[in-house]
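So the sequence shown is numbered by this note's numbering: it starts at 22 and just counts up by one.
Following: one structure in structure tokens, then a few remarks.
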Amino acid sequence: AKDYPVMLVTTGLHDSQVQYFEPAKWVAKLRALKTDNNILLLDTDMESGHGGASGRFRRYKRTALQYAFFLDLVGIEK
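Dropping the structure here:
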């Protein structure tokens, strides 16, 4: 048991290289072992594979999620 940094873990349901349940199990284990109150989120994209979301707008949506997560961490709201 120890402290872990803030994390946003992402996975794709149709990833043939890293099955969706592998990151889910890893996050569950970290949540059980961690001793801090840092955020640990798991985001599963129900349509993407190993290369991420295909299509420009779906890729923008994933990038926006990541930016929003990090901007929230540093307290930027607008």
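Even for Gly, the Cβ is constructed at its ideal location relative to N, Cα and C.
Query: Please name the residue in Leu61, Leu63, Glu98 and Gly70 whose C-alpha comes closest to that of Ser37.; Result: Gly70
Query: Whole angstroms is fine: what's the gap from Ala45's alpha carbon to Asp93's?; Result: 23 Å
Query: Rounded to the nearest angstrom, what separates His35 and Tyr25 at their Cα positions?; Result: 28 Å
Query: I'd like to know whether the C-beta atoms of Phe90 and Leu51 end up nearer to each other than 8 Å.; Result: no
Query: Do Gly33 and Asp66 have their C-beta atoms within less than 8 Å of each other?; Result: yes
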